[in-house]
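Undergrad: Below are the C-alpha coordinates for one structure; questions will follow.
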Amino acid sequence: MAMYSRSSCTFTGTGKAYLGRAYVAYSRVIIFNSTLSDIVISQGWEAWNYKNQPQNIVYADSGCSGPVADTSKRVFWEKKLSAAEMKQFVDISYID
9 MAMYSRSSCT
19 FTGTGKAYLG
29 RAYVAYSRVI
39 IFNSTLSDIV
49 ISQGWEAWNY
59 KNQPQNIVYA
69 DSGCSGPVAD
79 TSKRVFWEKK
89 LSAAEMKQFV
99 DISYID
(Lines of atoms letter the chains of each structure in order from A and count residues from 1; the text may use other names and numbers.)
(Lines give C-alpha, C1' and ligand atoms only; values in the text may rest on other atoms or scores of the structure.)
Protein backbone atom coordinates (compact mmCIF):
# COMPACT_ATOMS: atom_id res chain seq x y z
CA MET A 1 0.00 0.00 0.00
CA ALA A 2 1.15 3.53 -0.73
CA MET A 3 -0.24 6.69 0.88
CA TYR A 4 0.12 10.27 -0.28
CA SER A 5 -1.68 13.07 1.54
CA ARG A 6 -1.63 16.81 0.86
CA SER A 7 -3.37 19.59 2.75
CA SER A 8 -3.31 23.35 2.14
CA CYS A 9 -1.15 23.08 -0.98
CA THR A 10 -1.19 24.86 -4.33
CA PHE A 11 -0.97 22.75 -7.48
CA THR A 12 0.50 24.80 -10.35
CA GLY A 13 2.82 24.28 -13.29
CA THR A 14 2.79 23.87 -17.04
CA GLY A 15 1.10 21.21 -19.11
CA LYS A 16 -1.62 18.94 -17.72
CA ALA A 17 -1.50 16.50 -14.81
CA TYR A 18 -3.66 14.13 -12.79
CA LEU A 19 -4.00 14.54 -9.04
CA GLY A 20 -2.85 10.94 -8.82
CA ARG A 21 -2.45 7.63 -10.66
CA ALA A 22 -2.80 4.22 -9.06
CA TYR A 23 0.69 2.74 -9.13
CA VAL A 24 0.11 -0.09 -6.66
CA ALA A 25 -2.95 -1.87 -5.27
CA TYR A 26 -4.53 -0.27 -2.23
CA SER A 27 -2.89 3.09 -2.86
CA ARG A 28 -4.40 6.22 -1.30
CA VAL A 29 -4.12 9.83 -2.36
CA ILE A 30 -5.88 12.53 -0.36
CA ILE A 31 -5.98 16.20 -1.42
CA PHE A 32 -7.61 18.47 1.18
CA ASN A 33 -8.20 22.25 1.32
CA SER A 34 -5.79 22.94 -1.53
CA THR A 35 -5.79 25.21 -4.59
CA LEU A 36 -6.03 23.39 -7.92
CA SER A 37 -4.95 25.38 -10.97
CA ASP A 38 -6.06 24.55 -14.50
CA ILE A 39 -3.10 22.21 -15.00
CA VAL A 40 -5.15 19.54 -13.20
CA ILE A 41 -7.15 17.32 -15.57
CA SER A 42 -10.83 17.70 -14.60
CA GLN A 43 -11.36 13.92 -14.17
CA GLY A 44 -8.74 14.20 -11.42
CA TRP A 45 -7.54 10.63 -11.19
CA GLU A 46 -6.21 7.82 -13.36
CA ALA A 47 -6.65 4.16 -12.36
CA TRP A 48 -3.66 3.21 -14.55
CA ASN A 49 -3.00 -0.51 -13.95
CA TYR A 50 -6.08 -0.88 -11.74
CA LYS A 51 -8.84 0.09 -14.21
CA ASN A 52 -10.95 -2.94 -13.27
CA GLN A 53 -10.24 -2.67 -9.55
CA PRO A 54 -11.14 0.88 -8.44
CA GLN A 55 -12.54 -0.53 -5.19
CA ASN A 56 -8.94 -1.25 -4.14
CA ILE A 57 -7.78 2.38 -4.26
CA VAL A 58 -8.80 5.46 -2.25
CA TYR A 59 -8.46 8.73 -4.13
CA ALA A 60 -10.30 11.79 -2.83
CA ASP A 61 -10.19 15.55 -2.89
CA SER A 62 -12.33 17.87 -0.82
CA GLY A 63 -12.49 21.48 0.30
CA CYS A 64 -10.36 22.61 -2.63
CA SER A 65 -10.56 25.85 -4.59
CA GLY A 66 -9.53 26.91 -8.08
CA PRO A 67 -10.72 26.36 -11.65
CA VAL A 68 -10.93 22.55 -11.39
CA ALA A 69 -12.09 22.20 -7.78
CA ASP A 70 -15.57 21.11 -8.95
CA THR A 71 -15.58 17.37 -8.24
CA SER A 72 -18.64 16.68 -10.43
CA LYS A 73 -16.31 15.90 -13.36
CA ARG A 74 -14.14 13.48 -11.39
CA VAL A 75 -13.98 9.77 -12.20
CA PHE A 76 -16.97 7.79 -10.92
CA TRP A 77 -14.81 5.83 -8.48
CA GLU A 78 -13.41 8.84 -6.62
CA LYS A 79 -14.23 8.38 -2.94
CA LYS A 80 -16.59 10.94 -1.42
CA LEU A 81 -15.26 11.42 2.10
CA SER A 82 -16.71 13.70 4.75
CA ALA A 83 -14.60 16.51 6.22
CA ALA A 84 -14.03 14.39 9.34
CA GLU A 85 -12.88 11.42 7.24
CA MET A 86 -10.56 13.65 5.21
CA LYS A 87 -9.03 15.19 8.33
CA GLN A 88 -8.08 11.79 9.73
CA PHE A 89 -5.85 11.22 6.69
CA VAL A 90 -4.10 14.60 6.92
CA ASP A 91 -3.69 14.67 10.70
CA ILE A 92 -0.13 14.04 11.91
CA SER A 93 -1.43 11.28 14.21
CA TYR A 94 -2.31 9.20 11.11
CA ILE A 95 1.36 8.84 10.18
CA ASP A 96 2.87 5.66 11.59
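Its first residue numbered 9, the sequence shown is counted upward by one per residue in the numbering used here. All C-beta atoms in this analysis are idealised placements derived from N, C-alpha and C, irrespective of residue type, glycine included.
Output yes or no for whether 9 angstroms exceeds the beta carbon distance between Ile-65 and Ala-33.
TA: yes
Undergrad: Excluding the five sequence neighbours on either side, which residues of its own chain have a C-beta within less than 7 angstroms of the C-beta of Ser-45, listed in chain order?
TA: So the list reads Phe-19, Thr-20, Gly-74, Pro-75, once near-sequence residues are dropped.
Undergrad: Tell me whether Thr-20 sits in a helix, a strand or coil according to DSSP, three-state version.
TA: coil
Undergrad: Of all the options Ser-42, Trp-53, Thr-43, which has the alpha carbon lying nearest to the alpha carbon of Arg-82?
TA: Trp-53
Undergrad: Compare the Cα-Cα distances from Asp-78 to each of Leu-27, Arg-36, Ser-50, Arg-29 and report the closest residue.
TA: Ser-50
Undergrad: Rounded to a whole number of angstroms, what is the C-alpha to C-alpha distance between Glu-93 and Ala-68?
TA: 10 angstroms
Undergrad: Excluding the 5 residues flanking Ile-47 on each side, which residues of the same chain have their C-beta closer than 8 angstroms to its C-beta?
TA: Phe-19, Thr-20, Gly-21, Thr-22, Gly-23, Lys-24, Ala-25
Undergrad: Report all residues from its chain with a CB closer than 6 angstroms to the CB of Trp-85; omit the five preceding and five following residues, and keep chain order.
TA: Pro-62
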